[in-house]
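Report on one structure; see the data block that follows.
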Amino acid sequence: MTPYTIAKPATTVLVQHRTDKQIAEQATIHSFLNCYLRETNTGEIITTATKDQDILEVCQRTNTNSIICCQLKHQHLRLLIGLRYYSPTGRHLFAFPVYYQPNTGNLLELDYVTLATLITKELALASGSNSHQDELILRVIQSCNYIEQFVQHRRQDAEQLYAFQSNFITTEQALVFGHHLHPTPKSRQGFADHELPIYSPEVKGSFSLHYFRVHQSLVLEGSQLSQTATAIIKSGLIADSYVDNQFKNNYCGEDDYSLLPIHPWQASYLLQQPQIKKLIRQGTIQDLGLIGRAYQPTSSIRTVYHPETAFMLKLSLNVKITNSVRTNLYKELERSLEVHQILAVEIGQQLYQRFTDFKIITDPAYITLQIDDVPVDGFSTILRDNPFFHNPHTDATCLVALCQDSILGNGSRLAKIIQQLAQQEKRSTQAVSVDWFKRYLQIYLEPILWLYFTYGIGLEAHQQNTVLQLNDGYPEKLFYRDNQGYYYRRSCHELLDNILPGISQKSETICDDDVIDERLTYYLFFNNLFGLINAFGVAGLVDEELLLEEIRNIISKYSEHSLIKNLVSLPQLRCKANLLTRFHNMDELVGSVATQSVYVAVDNPLYRLM
């Protein structure tokens, strides 16, 4: 889409006094339409200088001075969308209602279902494939319905969601809208409607875990700690005041059995499997039911947290959340241990000496069921370090929560923080924003690029995997989490193998250099940094171009590397296409890294004509 400058208001807010349904539907239109515009490079910006009377009518109805005109050529119609804010980083704000118009017809208002249907049909006609149209539309509707429920539930504590001071679990459960550039950000296939309030972080769900007692001949476990996963789990139950003494005496002692903690939804799923039913009848597996304290689901839904436990638990869920079924695969279990090992040798030592405000949250142990020496993914549980175990009130937030639109329509939490800091310091929001962003680049981008260019280890550090600790509103420390999101450059395999012999044999983490460059371009830049810059921009805090220039200043130090050469020299870059990935019904956790999702060429915000 042609770059265009829209005059920025002092503060950009969404229309207020909307119903829960209107909020959900407008959020759905924003995410779906922005995906389509970016991934297909369609859309022309037309101003009130046009002589097209229908476009002028849309500008008048939406109180805007420009619109995006998007031609759906295969259906002989066009979309006309009032434009409130044009973003160089690719997420624009629209004025409602939006319209469509047949080539020889009248202007018609678009609802979100019609919009999604028209665009999905256009994709099908353009690609010659229509096998998954109904699946995509169904998930758009489901996602929108869930957003509506989440908005309704969280209106009562909306101010808390965007407060200057917060804590880890509050922000983990604050993602009412989800990924701003995903067509179905809140879809989850598997949960029944009545289960949504129990298992969803967005409504502050909490639940006890379901335990199975399994003979150790059928248990596969690994640990990089002084204790086994079995011992850690039993010790946790012994320390749990919600577990009665009889259970502790009967099941938590040292014996030939392990206790496997399972998500309660997953336990119901597993208990329906014929193979598991047979093992229970034989007495090899004992179903112990729901036991102990109530854990809280974090933003990923399947990783659970309790402030009084040293470990979070990353549980398996045979639920399709956004693009993928979320079970822990065996290679991911081994990758968890391998990363912990990497950080214990010279790589981790140098990383933490150089970057004292950066830390990787490790997953040092796992446990699962194995049948005939084959791991059963649905039983796999990973133990993740809880960095806030002794400090649950630490002001830590996943970055996506900081950037999330407010359900009240009055700015993100990031906007609230910057505005309050500007007021306290008697400075402009622009000056505060630039200083804030510089600090973020120091503790986020610098260590990740150093690790990649020095040792060939790439981190999939998108906004949800990035946990930012704040101090008086400013970035203080950064945590990276995700046992799945690691890549080792093939060109660095020998170097890594000399440091950690046998690396990647079980974890399957070696990838071609060009594939990793492409993935990091998306996760580090498009998803994380450009998404953060967009949050500054849509709030009217600072010109996005000023923050893009700060990125250019950092990456210029690494100009000899192919990743950086592409970022500064190419007008378009390969970017993950969430809409097209969903349209083709691809599971991002299945198959090789190179073929798990769709990548397309999109405009590069860092590129500029010299």
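Counting in my numbering, the sequence shown runs from 879 upward without gaps.
Using N, Cα and C, we set each Cβ at its ideal position, and we do this for glycine too.
- Query: Which runs of the alpha helix (DSSP H), 4 residues or longer, sit entirely within the segment 1279-1358?
  - Reply: The DSSP assignment places complete alpha helix (DSSP H) segments of no fewer than 4 residues inside the segment 1279-1358 at 1291-1303, 1307-1321, 1323-1333, in order along the chain.
- Message: Ignoring anything shorter than 3 residues, give me the beta strand (DSSP E) runs that lie fully in the segment 944-1011, in order along the chain.
- Response: Those beta strand (DSSP E) runs which fall completely within the segment 944-1011 and span 3+ residues are 944-950, 955-963, 971-980, 986-988.
- Message: So, at 7 Å on beta carbons, what are the nonlocal neighbours of His952 in its own chain, with the 5 sequence-adjacent residues on each side left out?
- Response: Excluding the 5 residues flanking it on each side, His952 has same chain C-beta neighbours closer than 7 Å at Glu1000, Leu1003, Ala1004, in chain order.
- For Glu1422 versus Pro1063, is the C-beta spacing smaller than 9 Å? A distance of 9 Å or more separates the beta carbons of Glu1422 and Pro1063.
- Any chance the CB of Ser1009 is under 8 Å from a heavy atom of the ligand ATP? The ligand ATP is not part of this structure, which contains no ligands at all.
- Is the distance from the Cβ of Phe1125 to the Cβ of Leu1138 below 9 Å? Pairing Phe1125 with Leu1138 gives a Cβ-Cβ distance that is not under 9 Å.
- Item | First and last residue of the uninterrupted alpha helix (DSSP H) at Phe910 | First-last of the alpha helix (DSSP H) with Phe910: 898-918.
- Item | Minimum C-alpha distance to Ile1381 - residue among Arg1213, Leu1426, Arg1452, Gly1363 | Answer by Cα proximity: Arg1213.
- Between Ala1293 and Tyr1089, what straight-line distance do the alpha-carbon atoms span, to the nearest angstrom? Rounded to whole angstroms, Ala1293 to Tyr1089 spans 43 Å at the Cα level.
- Query: Within 10 angstroms of its Cβ, does Gly1100 collect 16 or more other Cβ (buried), or is it exposed?
  - Reply: The residue in question, Gly1100, is buried, as its Cβ has 16 or more Cβ neighbours within 10 Å.
- Item | Inter-stretch contact (C-beta, 8 Å, three-pair minimum) for the segment 1108-1122 and the segment 1148-1167 | Touching, no, given that fewer than three Cβ pairs across the two stretches are closer than 8 Å.
- Message: In whole angstroms, give me the CA-to-CA distance for Thr1162 and Leu1329.
- Response: Each residue's Cα considered, the two are about 45 Å apart.
- Item | Terminal residues of the alpha helix (DSSP H) in which Ser1113 lies | DSSP places Ser1113 inside the alpha helix (DSSP H), whose first and last residues are 1107-1116.
- Message: Could you check whether Leu993 and Leu957 sit closer than 9 Å to each other, using their CB atoms as the reference points?
- Response: A contact, by the Cβ cut-off of 9 Å.
- Could you pull the start and end residues of the beta strand (DSSP E) that Arg1452 belongs to? Note, Arg1452: beta strand (DSSP E), 1450-1454.
- Ala1243 (DSSP reduced to helix, strand or coil): Under the three-state reduction of DSSP output, Ala1243 falls in the strand class.
- Query: Would DSSP call Ile1163 helix, strand or coil?
  - Reply: If DSSP states are grouped into helix, strand and coil, Ile1163 belongs with the strands.
- Query: Helix, strand or coil: how does DSSP classify Pro1379 here?
  - Reply: In this structure, DSSP gives Pro1379 a state outside helix and strand, which the three-state scheme calls coil.
- Nearest neighbour of Gly1363, chosen from Ile1394, His895, Pro1379 [CA to CA]: Distances from the alpha-carbon of Gly1363 to those of Ile1394, His895, Pro1379 put Ile1394 closest.
- Query: When DSSP labels each residue in this structure, what does Ala1222 get in the three-state scheme?
  - Reply: In the structure shown, Ala1222 sits in a helix (DSSP, three-state: H, G or I).
- Tell whether a beta-carbon distance below 9 Å holds between Phe1357 and Thr1344. With respect to the 9 Å criterion, Phe1357 and Thr1344 are classified as neighbours on the basis of their beta carbons.
- Message: If contacts are defined as beta-carbon pairs under 8 Å, then Asn1264 and Phe1189 qualify, I think. What distance do you get, rounded to the angstrom?
- Response: That belief holds up - the Cβ atoms of Asn1264 and Phe1189 are roughly 6 Å apart, short of 8 Å.
- Task: Name the one or two DSSP bridge partners that Glu1099 has.
- Result: Beta-bridge pairing links Glu1099 to Ile1245.
- If you follow the beta strand (DSSP E) that Ile1140 is part of, which residue opens it and which one closes it? Start and end: 1135-1140.
- Own chain partners of Pro1253 with C-beta closer than 6 Å, once the 5 adjacent residues on each side are dropped: Sequence-distant partners of Pro1253 (beyond 5 residues in either direction) whose C-beta falls short of 6 Å from its own C-beta, in its chain, are Leu1098, Tyr1208, Thr1246.
- Exposed or buried, which one is Ala1499 when buried takes at least 16 other CB atoms within 10 Å? Since the first residue of the chain shown is 879 and the last is 1488, residue 1499 is not available in this structure.
- Task: Measure from the alpha carbon of Ala1052 to the alpha carbon of each residue in Ile1429, Tyr1230, Val1121, Arg1032, then state which is nearest.
- Result: For Ala1052, the nearest C-alpha among the options comes from Arg1032.
- Message: Taking its Cβ as the centre, do 16 or more other Cβ atoms sit within 10 Å of Glu1132, making it buried, or is it exposed?
- Response: Glu1132 is exposed by the Cβ-count criterion.
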